[in-house]
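Some notes on the structure that comes next.
There are 4 protein chains.
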Amino acid sequence: MSAFASDNYAGVHPDVLAAIGAADALGHVVAYGADPVTARAVERVREHLGADAHVFFVWGGTAANILCLESLAPLAHQAIICAESAHIYVDEGGAPERLLSRKLLPVATPDGKLTPALAATRAIRFGDEHAVQPAVISITQSTELGTRYSPEEIRALADFAHDHGMLLHLDGARIMNAAAAQGISLRAATRDLGIDALSLGATKNGALGAEAVVLWEDRFAEGFAWRRKSAMQLASKHRYVAAQVDALLTDGLWERNASHSNAMARRLADAVRDIPGIKVTQDVQSNAVFALLPETVREALYADDFVFYVWDEHTGEVRWMCSWDTTEADVDAFAAAVDRHSAAS
Amino acid sequence: MSAFASDNYAGVHPDVLAAIGAADALGHVVAYGADPVTARAVERVREHLGADAHVFFVWGGTAANILCLESLAPLAHQAIICAESAHIYVDEGGAPERLLSRKLLPVATPDGKLTPALAATRAIRFGDEHAVQPAVISITQSTELGTRYSPEEIRALADFAHDHGMLLHLDGARIMNAAAAQGISLRAATRDLGIDALSLGATKNGALGAEAVVLWEDRFAEGFAWRRKSAMQLASKHRYVAAQVDALLTDGLWERNASHSNAMARRLADAVRDIPGIKVTQDVQSNAVFALLPETVREALYADDFVFYVWDEHTGEVRWMCSWDTTEADVDAFAAAVDRHSAAS
Amino acid sequence: MSAFASDNYAGVHPDVLAAIGAADALGHVVAYGADPVTARAVERVREHLGADAHVFFVWGGTAANILCLESLAPLAHQAIICAESAHIYVDEGGAPERLLSRKLLPVATPDGKLTPALAATRAIRFGDEHAVQPAVISITQSTELGTRYSPEEIRALADFAHDHGMLLHLDGARIMNAAAAQGISLRAATRDLGIDALSLGATKNGALGAEAVVLWEDRFAEGFAWRRKSAMQLASKHRYVAAQVDALLTDGLWERNASHSNAMARRLADAVRDIPGIKVTQDVQSNAVFALLPETVREALYADDFVFYVWDEHTGEVRWMCSWDTTEADVDAFAAAVDRHSAAS
Amino acid sequence: MSAFASDNYAGVHPDVLAAIGAADALGHVVAYGADPVTARAVERVREHLGADAHVFFVWGGTAANILCLESLAPLAHQAIICAESAHIYVDEGGAPERLLSRKLLPVATPDGKLTPALAATRAIRFGDEHAVQPAVISITQSTELGTRYSPEEIRALADFAHDHGMLLHLDGARIMNAAAAQGISLRAATRDLGIDALSLGATKNGALGAEAVVLWEDRFAEGFAWRRKSAMQLASKHRYVAAQVDALLTDGLWERNASHSNAMARRLADAVRDIPGIKVTQDVQSNAVFALLPETVREALYADDFVFYVWDEHTGEVRWMCSWDTTEADVDAFAAAVDRHSAAS
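Residue numbers (this note's numbering), protein chains in the order written: chain A, 39 to 383; chain B, 39 to 383; chain C, 39 to 383; chain D, 39 to 383.
The following block contains the structure:
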């Protein structure tokens, strides 16, 4: 299958599978995270994100997001400002409302990116008991639209949040793509910019199913063990989750995987950008290409067994995602098909 | 580490790791469960549990339990009758209350097993708007105390539940141990006895982290996809979860693993039963041994680096669990140590 | 105090107080609603809204809304489409999310009124497990902006909802104002137009604290007793709540109260409409006047001890509410002050 | 109706009705509690319970309990220890689980009263992430069984709670009965004994529908406004709720009402205690009498149109409640009937 549908269609990087095997070779180890594999993985995350980081592993990205948000906003009347396109707002099946019983305050954006001015439209009614109280701004880096905040833009949001008594969460399902594209460390891309809680994504970068919650203040981490357990995200054979993150953060694997998928997206965008009838609609700043193309071309590509999703049913805009295992040949074959079908239409 | 602490301390069976590798070798496949590995795993579960079974895979056992219970009792005022020792009541960090906002109605039991008479003490106040309404009886097989319901005992509970407008859930974290011990099929141990929803445990039987929710009526399964998603249990790279269950259910691996751990528990019980000062406190009917022993002996075993848990802080009763990878040598060395320290005390 | 701040600032209509006294004169009666006062009040509501109506009394309007919504959408993944200005979305302190763990899907409107076309922007992704599933459209009549749906507009929304497998809820905190303005019965204003669940407001119409939930299908009412009890809205001395609604629905009191407050709003709008610097911003179709006025005028009115609220902090738009006890003299004095201060500014 | 079924069957004390009328006579006042009636009522409660008391009014007793518990235990993994007979455990339709998503840890008691030793059986597993964490002990005074804690007994529980990092809540639906019986002030019966949060009951003492939440530390009150609003317990015409509590706390009305109902219960117990076949089963220490009597006698009383409830379906134990408006004639007539039917049986 040649797929540009999602970076979740990709398999597991061989080094991650090897790390799972190495964790297995230890035989019996303590369950629920009190094992040496987890201890080493926590240290590895701290090497990247700071010695003061509280690190917790979970299975999935929705869980990482929700547990970050609950850690920053523990009470039901606290609300979360986010982009209307945020994964937590549109693609988690209502998990934030179900698990947290909390209101998300969406803001329309042109490119998936919040700004202080946009967030300000929702940062209102502080002290009014009839209204939920904005407590957290949540942003996604790189965004669901493949765009990227600059470090300065994140810093401005952090300052805005903190100046208004709020905190800043980063949904980092693809933070590795963003940091690699910017050529900065994971820490420089997050904590150093004022991020209070990070969902550190690993699955899309080549893991089997592993994410980390990273919190930089003791007060946010207090009680986290129970939040994770009661949210059904404490793995019993915990070493196998921790080992995956460890592997990606070892010897720069995360950066190689991210840079590769970013490069494949740029290669694809460059190859199709000038094809008549094709319009690349968002800046290609990570591993996604958003484009408009004639419906006939789209259907012809589907008929060729290429797999990808329509992002916006009204406009027909599509999303093409690249992943750590996308090859240049994959990209070139797909771009050639786009060219061929466009010429024919 | 020679551990009798938990069957979660064990590693992953080689055949399960191989199945993960085989799933990986497929390259790109559709995410979120619409892939051929999942399709095959669903069929495999149906071979064991009936063609009418609705099958959903999740990461953890707490999630399997909670999603089963929500499927049977979708409304907040519906309550669940369970043993006071049930995992859902004491060991899931409040997840049932948090996720379901539902009341559990605990019943004290001598051996972890409910009976119709015991359940009847909680099956009261039907129609009274001031009281929650019992809607489900939840039992564990084999129980948290290592005991086992006979098929007749489960059938009697199913009849009692159904006669009172309730449904029967089985927490089958160790159903494989029970079925293997009884020499019956998984279906004969569950659906054929009137079970309405089953948490099919795989992790303790040799998986990495995989469980299945099995529901036998369409109405219970309706909307399940959203329940799982909003409970943060829909794996993106879903094939790797499904492959684990498939592997255990192929060529009788589940039964070999379960029979082995059961045999190790019997071997251990037989070896220590007659040691002066040791009292085996529950019938050894699966892969657990519960025992009372002098505190000095316990401490001496800990000093030898044997790992196991005190089950009851008040009485000092301990639990020794065997797993698929416990060896006869492990058992014999441990029993010898018990004997040696008991003689010395 | 001469207040145009809220119809909740008004007192209780003397006939309602008398009804409370009459209920009290019965001495001991059964608690929790199994009393003759409640029975009579239920019948009274049915006279107005149909013999097939299920009627339940609660203390407050937020509760009436939430219990209606839960009755129509009992599962957590079901979502509610509403106007961005809806009371349930902005003024209930997050109660819908807290109590129901459900997502509201807001739609921007110019006048507080949904249309099928507007609702259609949120009626999407049916069957997609990653997205909440729209199950209810909730509208407010008269709206939070003082505007009013025509019967045809409501019927069109009901048809749209039902055609898409959804249901229609009406937040009727001021349904009496709307029905009185339209000169139609409460039933003609609700059920006859396709409404599935109605929050029947009484408090703003002259009650002390009483609202009713009205449901027209047995399946929506099933289990309602527990929903109300567990939502903490089952009054123990229930007769005193029921008596209030009964009084308003007896001998046309509801209509007299509503017509009066509507007339006072029209009188006010007519008196200020042509004052230079004043702009009435919404059609005055019930008991509210929305207006823009110079900040100096607003401050001068505050200095005169007139009480009213700024509705929109960005534009300075204010809301002037009339109630059953607003007098012509109140209106004239206020309008004169607006005129006087406008001339001076 | 001559009823001994519940103190909720009683009407409203005339002084309370008069206070409602007086509040009404003020005409327009600010809604939602920022009115002079509420301000005076808050001060009145503080006169009784301490100048440092945070006071919030709500409609119902279930709400008062739940908002107290949420104030003391704001996080989902915090659990509440209570008697198995506690109203919050058995008679609130699952509201604590629904609203708080929190686990209650019930303890069997002979007389409805917890002790440190009994609470200790549930005050376990601190720090264990697999178990909910006991954070609050909740007691009822006077208890659901009509018994009463001595001041020393409450103090011992407060010390036990505080020594173990927990807090003490008192469900005071009938605290006025207890304090009156003990001849001490409301403060001496609560805060002076170490109570951290009090549900101050007024409805059973002669109000129409009003209770107060009383919290003695700033940190417990922080955010309470949103807890109340989102729990749907913020009355819009708030003055009418506050006025009721004010009336009962003025000029000793609370004590006269409570003492009277207590006296009627003693009169009833004394009159029936020695009737052959009748057994008073609990100490009569407030306004309730619990008794065993032959089923034939019970049915004969029902045939006479006396109304009361069977408390325990298994034993046939009944509860006879007295209220502020129970007369000596009511009691004597009822006791005579018990005597007559007992003699006949």
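Ideal Cβ placement from N, Cα and C applies to all residues, glycine included.
Where the alpha helix (DSSP H) containing residue i begins and where it ends
| i | result |
| --- | --- |
| residue 99 of chain B | 99 to 110 |
| residue 264 of chain C | 262 to 268 |
| residue 87 of chain A | 74 to 87 |
| residue 58 of chain A | 52 to 62 |
| residue 257 of chain B | 256 to 259 |
Cα-Cα separation between residue i and residue j, rounded to whole angstroms
| i | j | result |
| --- | --- | --- |
| residue 384 of chain C | residue 330 of chain A | Chain C is shown from 39 up to 383; residue 384 of chain C falls before or after that span and cannot be answered. |
| residue 261 of chain C | residue 325 of chain B | 43 Å |
| residue 96 of chain B | residue 84 of chain D | 53 Å |
| residue 87 of chain B | residue 75 of chain A | 36 Å |
| residue 112 of chain A | residue 157 of chain C | 32 Å |
| residue 122 of chain D | residue 226 of chain D | 26 Å |
| residue 82 of chain C | residue 230 of chain C | 18 Å |
| residue 382 of chain B | residue 338 of chain B | 10 Å |
| residue 147 of chain B | residue 132 of chain C | 42 Å |
| residue 336 of chain C | residue 377 of chain C | 11 Å |
| residue 287 of chain D | residue 101 of chain D | 21 Å |
| residue 292 of chain A | residue 191 of chain B | 54 Å |
| residue 316 of chain C | residue 353 of chain C | 13 Å |
| residue 65 of chain D | residue 255 of chain C | 40 Å |
| residue 188 of chain C | residue 209 of chain C | 15 Å |
| residue 94 of chain D | residue 212 of chain D | 18 Å |
| residue 105 of chain A | residue 267 of chain A | 11 Å |
Integer-rounded CB distance, given that residue j should sit under 8 Å from residue i
| i | j | result |
| --- | --- | --- |
| residue 358 of chain A | residue 42 of chain A | 4 Å |
| residue 180 of chain C | residue 216 of chain C | 4 Å |
| residue 119 of chain C | residue 160 of chain C | 5 Å |
| residue 130 of chain C | residue 135 of chain A | Residue 130 of chain C to residue 135 of chain A, Cβ: 14 Å. No contact. |
| residue 174 of chain D | residue 110 of chain D | 5 Å |
| residue 108 of chain A | residue 138 of chain A | 6 Å |
| residue 69 of chain A | residue 274 of chain A | 5 Å |
| residue 394 of chain A | residue 115 of chain A | Beyond the ends of chain A as shown, which are 39 and 383, falls residue 394 of chain A; an answer cannot be given. |
Terminal residues of the beta strand (DSSP E) in which residue i lies
| i | result |
| --- | --- |
| residue 172 of chain A | 171 to 178 |
Paired residues, beta bridge with residue i - DSSP
| i | result |
| --- | --- |
| residue 249 of chain C | C:96 and C:239 |
| residue 116 of chain D | D:171 |
| residue 41 of chain B | B:345 |
Of all the beta strand (DSSP E) runs that stay within the bounds of the segment 186 to 212 of chain C, which reach a length of 3 or more residues? Counting only unbroken stretches of 3 or more residues, the beta strand (DSSP E) elements lying wholly within the segment 186 to 212 of chain C are 205 to 210, in sequence order.
Minimum length 3: unbroken beta strand (DSSP E) runs contained in the segment 277 to 365 of chain A: If only uninterrupted beta strand (DSSP E) runs of at least 3 residues are considered, those enclosed by the segment 277 to 365 of chain A are 326 to 330 and 356 to 359.
Which whole runs of the beta strand (DSSP E) in the segment 121 to 168 of chain D are 3 residues long or more, in chain order? List check, beta strand (DSSP E) in window: 142 to 145.
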